[in-house]
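These protein sequence lines are chains A and B, in that order.
Numbers 343 to 692, taken from my numbering, label the letters of the first sequence in order.
Numbers 4 to 640, taken from my numbering, label the letters of the second sequence in order.
All C-beta atoms in this analysis are idealised placements derived from N, C-alpha and C, irrespective of residue type, glycine included.
Because the structure is a prediction, the values reported are computed rather than measured.
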Amino acid sequence: MEGIKGYILKRWQYLLKKITWSLFTILFVIILNFFLFRILPGDPARAGVRDPRLTKENIEAIRVRYGLDKPIINCFESLNPIKIGSCTVNPLDTQFFIYMGNLLQGDMMISFHTNQPVAEMLSERLWNTIVLIGAGQLLAIIFGVLFGMFSAWKARTAIDYGSLTLSLVAWSIPTFWLGIILLFWGSNNGMPIAGMSTPGMSSAPLLTRWGDIAQHMFLPTLTYTIVYMGEYMLIMRSSLLDVLSEDYILTAKAKGLSVFQILKDHAITNAMLPLVTIIAINLGFTVGGVIQIETVFSWPGLGMTTVEALNRRDFPVLQGAFLLIAVTVILSNLLADLAYSYLDPRVKTE
Amino acid sequence: MEAHIASTTQVTSRFQDFWGVFRKNYMGLVGLGMLVTAIFVAVFAPVLSPYDPSSTQDVTTGDIYNAPSVDHWLGTDDAGQDVLTNFIFGARVSLTIGFFAAFISLVIGGVFGIVAGFYGGRTEEVLMRFTDIMLVIPDLPLMMVVIALTKPSIFNIILVIGLLYWTTTARVVRSQTLAVKSRKFVLRARSIGAGKGHIIRHHILPLVMPILVVQAVLVVSSAVLAESTLSFLGLGDPTALSWGQMLNYAFGRGAMSTGAWWALVVPGFGIVWVVLGLTLLGQGLEQVLNPRLDTHHLMPSRPTVKSEAAQRSSEKSLLEVKNLSINYISEGKPPARAVENVSFTLKEGELIGLVGESGCGKTTLMLGLLRLLPSAGQIVSGQVYYKDQEITALSDEELNKIRWRNVSIVFQGAMNALNPVRTVGDQIAEAIRKHLPDFPAEKLPARVSELLELVGITSEHKDYYPHQYSGGMRQRAMIAMALACEPQVVIADEPTTALDVMVQAQILDLLDQLRKKLGLAIIFVTHDLGVVAEICDKVLVMYGGVTAEYADVDTIYNSPSHPYTQELLKAFPDLTKPKKKLVSIPGYPPRLDALPAGCRFAPRCPLAFARCHTEQPALHELGDTHIVSCHLVEAPK
């Protein structure tokens, strides 16, 4: 803990810069998110609740309920730049600031479809996604790093070429298709194929319930692991190859250290450093993969929620889910940046 | 006009060069083949497909999900249509979207990258910050939202993918532009007042192009994947049946429950085929454009060739090298004879200077002593003894006990010889922990401080990282590390070359003092005869991998017998004769893969005669410890 304290004291300027930058990025996403959902041709209320039986009064009521009757922001009645609105309205009474104010209070409107508050809906689902990503990511990193290390160490042998080819193939398979294939295989072998748990399990003892969830998790996690393992393997291999041709590895060899000691104490720590950044940058893609996996396996997470909301044109949920996903990814990136600068003493602090 | 022709032929020859290398890259060739096949299928879809996809043939419920048969080689889908036909036409949709989207993203990324890299300053700052933001926003959710809010048409899908997939291209192109910008001919073009547009078009773009091509290949593959994912999630163009759309229909309409694996497997196979082909092609291109050696220090070196042990000299020596020869072996080429038939002995407390120009095999010899050669290097004959142990015959485990404990090395250019993520003190302590396991742990920090102080580094520096040290400090820290286990022999491989004269003198002084204080034997490798004149006992002059002359220091300086030694001495300033002209030897040492037939020094030797060019001189013993390889020293006729 002493180390972390010292690190913060020494590098507070760097930390502050990184944190400010992340906050700025989040603000950008929030603003993008707000306007994205308002460039829609037509009326969001009508598009969202596509019901021909709705009367004018009904639609108006919906508009009022979602605050869509208010001007977007000062001077702009809507996003149509030709229709200039009044600039003297109270800014707090415009859609933009109401949206921002609500967000600050954790309020993300109500689902068109279920009438449930979006924030509540999403926080439930977020955990399911985190469990899936966590397990898959962990396994993918462990196996990817191991295979990558082995491949680099045995560079230019059959082992190396074999695992290189496998990684490239794994990289080229669309996640959802791998999911479908595994699902097909699983359903023929009596595996649970949809959802997170067997219906009616909620009253079972805790251990049975967890075992049931683990069974349901097996195929989605396997899909995730295969898809991302290849990439980590490639990165670890190339990174370790770079490190192993450095002079200090020759020094370590001259010091009489065994191959295992050199790998453990000199090579792997250095080779892992670029991996930290890559894992973070990958989180954006990871989310893409998780959306596909959740859709294929009906895993009740954020991804499935997003796709459901998409098909129902449930814009508040879609908007909320997008925001939540983006913010999570930005924060993980921040975390990885900080971890990297903590691990690598060479990172410039200015 | 002439200039134009010249540049065209230049481009053609560059392409020929490229193709010459690329055709040997199997990965790239396989990828190219896969891609060409896919494009062929897409272009000739109407000819290749067994049915017409647009015909509204009467389909009955009995036609749905039929297993593969003679009529339908790959079965039928949820609408009773031929899967093979849809698969072939699907290639058109998927590839079209992939290529157009990639084109858009390359244009955006290329412009962003070149502008940011070329103009720099504020422009670069703003553009790259924006790129950073776009890079962290997860792309699939954003694409989903945008397409859901607009309309899922082919046009929109191309646009959205194109507008989101340019970030990597921008970054890669920017760094390439930065690298190109500072090259000489660009600077020259700027100084003669060429316009910015002209420079970008004629100087920057041609050099950024190769990277853009690699990037293009990778972006097309991402775009194909993105399109199939969007289509699978129900955001594809309903009027165009891409592979992703086929999967969407099959998955959503009961292919799974009816067991119609063909409807699920076939379209996915198409996606994997195209994406894998592009990935392989991209990897292949990358390898051709940025070749890198896949060799490293942990690769097993070639086994030492056992040769008949020669008679050891009767004197008691610490280190004895007997007729050592080392080759570098690369496939398809004759072996490069880096070290040939070199012998010397090192006694306790002795300092031997190993002198020669760069590329004369000094470092190879030193690495060979502890069997630290790169994987291409091989000891092909001779022996190295440490006391009574034959290093050339030991197992790796036994050798590891001698390395550093008895014989340690200070490497050339200590810049990267220390691990950048561990403190210097920790790396010194590591050597002690490894070789002296009984050393009390609580005394370890004090010992490390003592070692650092021995080489003139204050003890508080022991918790610093190598990058916090100056070049001279790093070199001295290496020496401290080399002394950590109190070895009997220290090999110092050009420890002073990269340093300024003052530091050089300090380090030499330090080594000499340590030798006297600790009774070390030192092998000092240098290309500068002057450096070792004052401190060494014996000198071994190497040229082109062989011993030119080996003698005690007085003989070497006062009566050198080999013309190479004589020439080296002429190149070295003598303070007692200030008017003397300094003469450097014209020419360069021979390349190891193109050694002359006779004496290796003959092409540069002022005294060479006919025999020197045809016959390699033997090692002549002039005295007890004076060996010369020159035809001139043969018994006078």
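Report the rounded CA-to-CA distance for B:LEU288 versus B:PHE604, giving the unit in angstroms. Locating residue 288 of chain B in the second sequence gives position 285, counting from the first residue. Locating residue 604 of chain B in the second sequence gives position 601, counting from the first residue. Looking at the two C-alpha atoms, the distance is approximately 42 Å.
Closest residue to B:VAL631 among B:SER587, B:SER346, B:ALA151 (Cα-Cα distance): What you label residue 631 of chain B is simply residue 628 of the second sequence in a count that begins at 1. Selected option, being the one with the closest Cα: B:SER346.
If the cut is a Cβ gap below 8 Å, which residues of chain B does A:THR558 touch? Taking the first residue of the first sequence as 1, we reach residue 558 of chain A at position 216. Going by the sequence as given, residue 558 of chain A is His instead of Thr. Those within 8 Å of A:HIS558 in chain B number zero; the least Cβ separation is about 17 Å.
Quickly, what does DSSP pair B:GLY356 with across the bridge? List them, please. Along the second sequence, one-based indexing puts residue 356 of chain B at 353. Answer is B:PHE527, B:VAL542.
Which term fits B:LYS640, buried or exposed, when burial requires 16 or more other beta carbons within 10 angstroms of its beta carbon? On the second sequence, residue 640 of chain B is found 637 positions in, with the first residue counted as 1. In this prediction, B:LYS640 has a pLDDT of 42, which is less than 50 and means its spatial position is unreliable; nothing more can be read from the coordinates.
Rounding to the nearest angstrom, what Cα-Cα distance links B:ILE412 and B:ILE494 in this structure? The residue labelled residue 412 of chain B in the question sits at position 409 within the second sequence. The residue labelled residue 494 of chain B in the question sits at position 491 within the second sequence. Approximately 5 Å between the Cα atoms of the pair.
What does B:SER644 pair with, by DSSP beta-bridge criteria? There is no way to answer for residue 644 of chain B, as the model of chain B reaches only from 4 to 640.
Classify B:PRO303 as helix, strand or coil using the three-state DSSP reduction. Residue numbering aside, residue 303 of chain B sits at position 300 when the second sequence is read from its first letter. Reduced to three states, the DSSP call for B:PRO303 is coil.
List the residues of chain A that B:HIS408 touches, going by C-beta distances under 7 Å, in chain order. The residue labelled residue 408 of chain B in the question sits at position 405 within the second sequence. For the record, residue 408 of chain B in the displayed sequence is Arg; it is not His. Result: GLY598.
Minimum Cβ-Cβ distance from A:TRP354 to chain B less than 8 Å: For the purposes of this step, residue 354 of chain A is identified with residue 12 of the first sequence, where counting begins at 1. Chain B contact via Cβ: absent.
Residues within the stretch 486-513 of chain A neighbouring chain B, beta-carbon criterion of under 7 Å: TRP495, ALA497, ARG498, LEU510, VAL511, TRP513
Smallest Cα separation from A:VAL431: which of A:ASN444, A:ILE415, A:GLY443, A:TYR441? Along the first sequence, one-based indexing puts residue 431 of chain A at 89. Of A:ASN444, A:ILE415, A:GLY443, A:TYR441, the residue nearest in Cα terms is A:ILE415.
Please tell me whether B:TYR472 and B:ALA480 are closer than 8 Å, where the distance is taken between their beta carbons. Counting from 1 along the second sequence, the entry for residue 472 of chain B is found at position 469. Counting from 1 along the second sequence, the entry for residue 480 of chain B is found at position 477. The answer is yes: Cβ separation under 8 Å.
Other residues of its chain near B:THR99: CB distance less than 7 Å, five sequence neighbours each side excluded: Translated into positions along the second sequence, residue 99 of chain B becomes position 96. Here the set comprises nothing.
Nearest neighbour of A:MET575, chosen from A:GLN437, A:SER545, A:LEU617 [CA to CA]: To locate residue 575 of chain A, count along the first sequence from 1; it is residue 233. It is A:LEU617.
Taking only three categories from DSSP, how would you classify B:ASN344? Position 341 of the second sequence holds residue 344 of chain B. In the structure shown, B:ASN344 sits in a strand (DSSP, three-state: E or B).
Bridge partners of B:GLY626, per DSSP? Here residue 626 of chain B corresponds to residue number 623 of the second sequence, with the count starting at 1. Answer is B:HIS629.
What does B:TYR389 pair with, by DSSP beta-bridge criteria? Taking the first residue of the second sequence as position 1, residue 389 of chain B is located at position 386. Bridge partners of B:TYR389: B:LEU322, B:GLN392.
Among the residues of its own chain, which have a CB less than 7 Å from the CB of B:ASP466, if the five just before and after it don't count? As a first step, residue 466 of chain B must be located in the second sequence, where it is residue number 463. Cβ within range, chain order: THR426, GLY428.
C-alpha gap between B:PRO593 and B:GLY547, whole angstroms: In the second sequence, the residue the question calls residue 593 of chain B occupies position 590. In the second sequence, the residue the question calls residue 547 of chain B occupies position 544. C-alpha separation (whole angstroms): 6 Å.
Could you tell me the distance, in whole angstroms, from the CA atom of B:GLU552 to the CA atom of B:PRO213? As a first step, residue 552 of chain B must be located in the second sequence, where it is residue number 549. As a first step, residue 213 of chain B must be located in the second sequence, where it is residue number 210. The alpha-carbon atoms of B:GLU552 and B:PRO213 are separated by roughly 51 Å.
Which term fits A:LEU583, buried or exposed, when burial requires 16 or more other beta carbons within 10 angstroms of its beta carbon? The sequence position of residue 583 of chain A within the first sequence is 241, counting from 1. Buried, since its Cβ has 16 or more Cβ neighbours within 10 Å.
In the DSSP assignment, the beta strand (DSSP E) including B:ILE588 goes from what residue to what residue? Stepping through the second sequence from its first residue, residue 588 of chain B is reached at position 585. No beta strand (DSSP E) contains B:ILE588, which DSSP labels as neither H nor E.
For chain B, check one thing: does any of its Cβ atoms lie closer than 8 Å to the Cβ of A:PRO616? By 1-based counting over the first sequence, the position of residue 616 of chain A is 274. Not one chain B Cβ lies under 8 Å of A:PRO616.
Using only alpha-carbon positions, find the residue among A:GLN458, A:ALA668, A:LEU506 that is nearest to A:MET578. As a working note, residue 578 of chain A is residue 236 in the first sequence. The residue with the shortest Cα to Cα distance from A:MET578 is A:LEU506.
The stretch 296-306 of chain B in contact with the stretch 512-530 of chain A per 3-pair CB rule at 8 Å: no
How big is the Cα-Cα spacing for B:THR126 and B:VAL118? For the purposes of this step, residue 126 of chain B is taken as residue 123 along the second sequence, with counting starting at 1. For the purposes of this step, residue 118 of chain B is taken as residue 115 along the second sequence, with counting starting at 1. Distance between the alpha carbons of B:THR126 and B:VAL118: 8 Å.
So that I know if they touch, is there some Cβ in chain A lying closer than 8 Å to that of B:PRO498? Reading the second sequence from its first residue, position 495 is the one you call residue 498 of chain B. It does not: the Cβ of B:PRO498 has no partner Cβ on chain A nearer than 8 Å.
Tell me the rounded alpha-carbon separation between B:LEU368 and B:ASP596. The residue given as residue 368 of chain B occupies position 365 in the second sequence. The residue given as residue 596 of chain B occupies position 593 in the second sequence. Their Cα atoms are separated by approximately 17 Å.
According to a CB-to-CB cut-off of less than 7 Å, which residues of the stretch 656-680 of chain A neighbour chain B? LEU660, PHE664, ILE667, ALA668, VAL671, ILE672, ASN675
Roughly how far, in whole angstroms, is the beta-carbon of B:VAL534 from the beta-carbon of B:THR499, given that I think they are within contact range, below 8 Å? As a working note, residue 534 of chain B is residue 531 in the second sequence. As a working note, residue 499 of chain B is residue 496 in the second sequence. 7 Å between Cβ atoms; contact.
Return the residues of the stretch 445-462 of chain A that lie within a Cβ-Cβ distance of less than 8 Å from chain B, sorted by chain order. none
Which residues mark the beginning and the end of the alpha helix (DSSP H) in which B:GLU400 is found? Here the question's residue 400 of chain B lines up with position 397 in the second sequence. That run of the alpha helix (DSSP H) goes 399-405.
If you reduce the DSSP assignment to three classes, tell me which class B:VAL413 lands in. Walking along the second sequence from the start, residue 413 of chain B turns up at place 410. Strand, per DSSP.
Per DSSP, B:VAL549 forms a beta bridge with which residues? Translated into the one-based positions of the second sequence, residue 549 of chain B becomes position 546. B:VAL549 is bridged to B:TYR546.
Between B:GLY362, B:VAL211, B:ARG95, B:ALA197, which has its C-alpha nearest B:ALA182's C-alpha? To locate residue 182 of chain B, count along the second sequence from 1; it is residue 179. Of B:GLY362, B:VAL211, B:ARG95, B:ALA197, the residue nearest in Cα terms is B:VAL211.
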